[in-house]
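Please read the structure below before turning to the comments.
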Amino acid sequence: MDTGVSAFRYGDLEVSAGERGQTSLPVGELAGGYTLRLPLHVVHGARPGPTLLVVGVVHGEEIFAVDAIRTALSRVNPSELNGTLMAVPVANPLALATQTRNTPVDMLDLNRQFPGDATGWVSQRLAAALSGLVELSDVLLHIDGGSLDRVIHYVFVKAATGAAAEPTERLSRAFGLRLLYRGPQSTGSLTSYAAERGVPSVLAEIGGSALYGDPVYLERATTGVLNVMRSMEMIPGPVAAPVDQVVLTRRTLVRVPAGGLFHPAVGLEALGSELPAATLLGTVLDPYRLENVAEIRTPYERSVLLQMRLQPSAVQPGDYAYIIGDLASAEAA
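Using this note's numbering, read the sequence shown as starting at 15 and increasing by one per residue.
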């Protein structure tokens, strides 16, 4: 049936209205004799509408986004879709293969390389390929996440100006998590490049560690993607956002102060919960002297954990430990 909607075309991919398609975008030839490629999945609606780009695994250890994107895509019916959904479930295949934050061949953080350079370092070439998709998009949804030893659960409301400000705020809230933090862009990040292009962005920080095996958190992430699409009027249905959202304006990133063996002092129940100042979160043991060499405690009178370490593990000084928000900084409802 002719819907009057033109086919989606990008690179060697062509997807008719009301259909699905996928391809891989060439990034460059590597020394191992193969071409580095980025996966691109497209659901092209039967009716006209906006284009949403969903991206995951910008950092190789943050794999929770893959399942969230897969599940969300499976619930979108192209015959009922207004517009186009583009998804890159793995933005950094090399870092995924080694489960590292940075790209192993050049040791660069992909999320500081945008808009990239198609003739530059491998990370810059990956960024350039992703930037081309941003330029096709009306909205960007970046699903960041925790790692094998860290969990995270909040939405980072990125600063935006002009016409992008209102949809950035609305769509960030629509994702549906209770805790949000409002803060500035990081230079060279995927969302900062989108902001420079006037593309509203949602940065959902969700997943990691024990959350991989908990269907509640996968459902929250999947619902978040669909909520953004509902708010954009791409799919039918009401936005299922919580009514008690809290927007924080102050937070701190706490790093591991000394190397050794980390032992958590609080469990998953502390994630997103209010904790008083000086609550013990974890300790670092020197495994050679068998002495505790560091403690990590909450800094605010009304602290709330946005990110936390859950597992005993070997740590280096400077490793990520906690992101802690100050509930006293919350905007008035």
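Even glycine gets a Cβ: it sits at the ideal position worked out from N, Cα and C.
>> Taking the alpha helix (DSSP H) that arginine 187 belongs to, which residues open and close that run?
In response: Along the sequence shown, one-based indexing puts residue 187 at 173. 179–188 is the extent of the alpha helix (DSSP H) around arginine 187.
>> Is it buried or exposed, alanine 177, if we count other Cβ atoms within 10 angstroms and call 16 or more buried?
In response: Stepping through the sequence shown from its first residue, residue 177 is reached at position 163. So alanine 177 counts as exposed.
> What are the start and end residues of the beta strand (DSSP E) that includes arginine 34?
Replying inline: Mapped onto the sequence shown, residue 34 falls at position 20. It spans 33–43 - the beta strand (DSSP E) in which arginine 34 sits, taken as one unbroken run.
> Going by beta carbon distance, what residues of the same chain come within less than 8 Å of serine 245, once the five residues before and after it are set aside?
Replying inline: Counting from one through the sequence shown, the residue named residue 245 turns up at place 231. Closer than 8 Å at the Cβ level, and outside the excluded window around serine 245, lie Arg184, Leu185, Ala188, Val253.
> For glutamine 321, which beta-bridge partners are listed by DSSP?
Replying inline: Translated into positions along the sequence shown, residue 321 becomes position 307. Glutamine 321 pairs with Ile166, Ile337.
> Rounded C-beta distance between glycine 74 and alanine 109? I'm assuming under 8 Å.
Replying inline: Against the sequence shown, residue 74 aligns to sequence position 60. Against the sequence shown, residue 109 aligns to sequence position 95. With a Cβ gap of about 3 Å, glycine 74 and alanine 109 count as contacting.
> Ordered along the chain, which non-local residues of its own chain (more than five positions away) have a Cβ less than 6 Å from that of alanine 308?
Replying inline: Here residue 308 refers to the residue found at position 294 of the sequence shown. Answer for alanine 308: Pro271, Ala272, Val298, listed in chain order.
> So, proline 198 versus alanine 173, is the Cβ gap smaller than 7 Å?
Replying inline: Within the sequence shown, residue 198 is the residue found at index 184, counting from 1. Within the sequence shown, residue 173 is the residue found at index 159, counting from 1. Yes, Cβ-Cβ distance for proline 198 and alanine 173 is below 7 Å.
> Which word fits tyrosine 302, buried or exposed, when buried means at least 16 other C-beta atoms lie within 10 angstroms of its C-beta?
Replying inline: Position 288 of the sequence shown, counting from 1, holds the residue named residue 302. Label assigned to tyrosine 302: exposed.
> Applying the criterion that 16 or more other CB atoms from any shown protein chain within 10 Å of the CB defines a buried residue, is valine 230 buried or exposed?
Replying inline: Here residue 230 refers to the residue found at position 216 of the sequence shown. Exposed, since its Cβ has fewer than 16 Cβ neighbours within 10 Å.
> Which whole runs of the alpha helix (DSSP H) in the stretch 106–181 are 4 residues long or more, in chain order?
Replying inline: 107–112, 136–148
>> With a threshold of 8 Å on Cβ separation, who are the neighbours of leucine 52 within its own chain once the five nearest residues in sequence on each side are excluded?
In response: Within the sequence shown, numbered from 1, the residue matching residue 52 stands at position 38. Within the same chain, leucine 52 has close Cβ partners Ser38, Leu39, Val41, Val102, Val104, Ala105, Pro107, Leu140, Ala143, Leu144.
> Quick one: any contact between the stretch 123–135 and the stretch 191–207, if contact means 3 or more CB pairs under 8 Å?
Replying inline: yes
>> DSSP three-state label for arginine 264, please.
In response: Translated into the one-based positions of the sequence shown, residue 264 becomes position 250. Looking at arginine 264 - three-state DSSP - the assignment turns out to be coil, as it is neither helix nor strand.
> For the alpha helix (DSSP H) that contains glutamate 28, what are its first and last residues?
Replying inline: Here residue 28 corresponds to residue number 14 of the sequence shown, with the count starting at 1. Not the alpha helix (DSSP H): glutamate 28 falls in the beta strand (DSSP E), residues 27–29.
>> Which same chain residues end up closer than 6 Å to threonine 236 when comparing Cβ atoms and leaving out the 5 residues on each side of it in sequence?
In response: Counted from its first residue, the sequence shown places residue 236 at position 222. So the list reads Ala82, Thr85, Ala86, once near-sequence residues are dropped.
> Do the stretch 53–70 and the stretch 147–163 make contact, defined as three or more Cβ pairs closer than 8 Å?
Replying inline: yes
>> Can you tell me where the alpha helix (DSSP H) holding valine 241 begins and where it ends?
In response: The count along the sequence shown starts at 1 and reaches residue 241 at position 227. It is asparagine, not valine, that sits at residue 241 in the sequence shown. Segment 229–245, the alpha helix (DSSP H) holding asparagine 241.
>> Looking at the strands, I want to know which residues DSSP matches up with glutamate 288.
In response: Position 274 of the sequence shown holds residue 288. The partner list for glutamate 288 (beta bridge, DSSP) reads Val318.
> At what residues does the alpha helix (DSSP H) containing arginine 84 begin and finish?
Replying inline: Translated into the one-based positions of the sequence shown, residue 84 becomes position 70. Taken as a continuous stretch (DSSP letters only), the alpha helix (DSSP H) holding arginine 84 covers 78–88.
>> I'd like to confirm the pairing. Which residues does DSSP put opposite aspartate 258 in its beta bridges?
In response: Walking along the sequence shown from the start, residue 258 turns up at place 244. Partner(s): none; aspartate 258 has no beta bridge.
>> Give me the residue from Leu319, Val239, Ala284, Ala346 with the minimum Cα distance to leucine 99.
In response: In the sequence shown, residue 99 corresponds to position 85, counting from 1. Ranking Leu319, Val239, Ala284, Ala346 by Cα distance to leucine 99 puts Val239 first.
>> Please report the distance separating the alpha-carbon of phenylalanine 128 from that of glutamine 138.
In response: Locating residue 128 in the sequence shown gives position 114, counting from the first residue. Locating residue 138 in the sequence shown gives position 124, counting from the first residue. Using only the alpha carbons, I get a separation of about 7 Å.
> By how many angstroms is the C-alpha of alanine 111 removed from the C-alpha of serine 206?
Replying inline: Looking up residue 206 in the sequence shown gives position 192. Looking up residue 111 in the sequence shown gives position 97. Those two C-alpha atoms are separated by around 26 Å.
>> Using a 10 Å radius around the Cβ and a threshold of 16 neighbouring Cβ atoms, would you call glutamate 76 buried or exposed?
In response: As a working mapping, residue 76 is identified with position 62 in the sequence shown. By the 10 Å Cβ count, glutamate 76 comes out buried.
>> If distances are taken between C-alpha atoms only, which option among Pro64, Glu33, Gly35 comes closest to methionine 243?
In response: Looking up residue 243 in the sequence shown gives position 229. Answer by Cα proximity: Pro64.
> What is the DSSP secondary structure of glutamate 305, reduced to helix, strand or coil?
Replying inline: Walking along the sequence shown from the start, residue 305 turns up at place 291. In this structure, glutamate 305 counts as strand in the three-state DSSP scheme.
> Helix, strand or coil for serine 203 per DSSP?
Replying inline: Residue mapping note: residue 203 aligns to position 189 of the sequence shown, counting from 1. Serine 203 falls in the coil class under three-state DSSP.
> Taking all protein chains shown into account, do 16 or more other C-beta atoms lie within 10 angstroms of the C-beta of aspartate 353, making it buried, or fewer, making it exposed?
Replying inline: Only positions 15 to 347 of the chain appear in this structure, which leaves residue 353 out of reach.
>> By DSSP's criteria, serine 215 is part of a beta bridge. Which residues make up the other side?
In response: Working through the sequence shown from its first residue, we reach residue 215 at position 201. Bridge partners of serine 215: Leu154.
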